[in-house]
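Position one of the sequence shown corresponds to residue 132 (this note's numbering), numbered consecutively onward.
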Amino acid sequence: MDKFITLKSTCIPLPLQNVDTDQIIPARFLKATTREGFGDNLFRDWRFNSADEPNADFILNKGLEGKILVAGKNFGCGSSREHAAWAIYDYGFKVVVSSFFADIFKNNALNNGLLPVQVSDEFLEALFAQIEKDSATVVEVSLEDEEISAPSIGQAEKFEINEYKKYCLTNGYDDIDFLISKKEEVEAYETSLK
């Protein structure tokens, strides 16, 4: 995984509530066993019509760029598919902002290098309004300070991240990488028991 310290980026707005994991990555695309390629089918049924042509009205087809997905409340609800986090990350997003995340999605995101930033309903609404006015709006997310700021609206908020997950993200570790990083300490401890 990539290390995450601070990100400054424009945002892609998805002002829909209750976006579930089947909308994020439909079940028919869950046959692969590696994480790569899922971004191609992110929001597949919204991005493409029944003839498999791009839906010009969907936000990801409007030529906007950004590494921050700003989503409505209760993002990632539904079934517990890790592939949803894989698809968002593989598409190029590094952060998802919402006023509420389903717990399983939040944990899957953190385990796969995607930072879920939970903000107040008021901050989320102000951010959506600003992005609608100016799609070039830049947001800064500092994992070190656990803060998201939007200078163009003069607002910032703190968010909470589990200390272990914060450590893993800032070092680019998944759970296995973390254990490998502790190999010498584990070996020293085992030696001390002999």
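For every residue, glycine included, the Cβ atom is placed at its ideal position computed from N, Cα and C.
Note that the coordinates shown come from a computational prediction; the quantities given were computed from them, not determined experimentally.
- Counted within 10 angstroms of its Cβ, other Cβ atoms place residue 244 as buried (16 or more) or exposed: Under this definition residue 244 is a buried residue.
- Mind reading off the beta-carbon distance from residue 195 to residue 143? Whole number of angstroms is fine, and I expect it under 8 Å. In this structure residue 195 is in contact with residue 143, their Cβ atoms being roughly 6 Å apart against a cut-off of 8 Å.
- Which of the three DSSP states, helix, strand or coil, is assigned to residue 187? When DSSP states are grouped into helix, strand and coil, residue 187 belongs to the coil group.
- Query: Is DSSP giving residue 325 helix, strand or coil here?
  - Reply: Note: residue 325 maps to coil in three-state DSSP.
- Item | Any non-hydrogen atom of the ligand MG closer than 7 Å to residue 304 Cβ | As presented, the structure is devoid of all ligands, the ligand MG included, so that no description of it is given.
- Would you mind reading off the limits of the alpha helix (DSSP H) that contains residue 261? For residue 261, the enclosing alpha helix (DSSP H) stretches over residues 252–264.
- Message: Short of 8 Å in beta carbon distance, which residues of its chain neighbour residue 150, apart from the five on each side in sequence? Order them along the chain.
- Response: Contacts found: 202, 203, 205, 206, 207 and 208.
- Query: Is the CB-CB distance between residue 240 and residue 227 below 8 Å?
  - Reply: Yes.
- Of all the options 172, 231, 248 and 271, which has the alpha carbon lying nearest to the alpha carbon of residue 222? If we check each option's Cα against that of residue 222, 172 comes out closest.
- By Cβ distance, which residues of its chain are closer than 7 Å to residue 136, with the 5 residues on each side in sequence left out? Answer for residue 136: 274, 275 and 301, listed in chain order.
- Task: Taking residue 286 as the reference, give the member of 254, 260 and 139 with the closest Cα.
- Result: Nearest to residue 286 by C-alpha distance, out of 254, 260 and 139, is 254.
- Task: Could you spell out the range, first to last residue, of the alpha helix (DSSP H) harbouring residue 218?
- Result: Start and end: 214–222.
- CA-CA distance, residue 299 and residue 238? Their Cα atoms are separated by approximately 13 Å.
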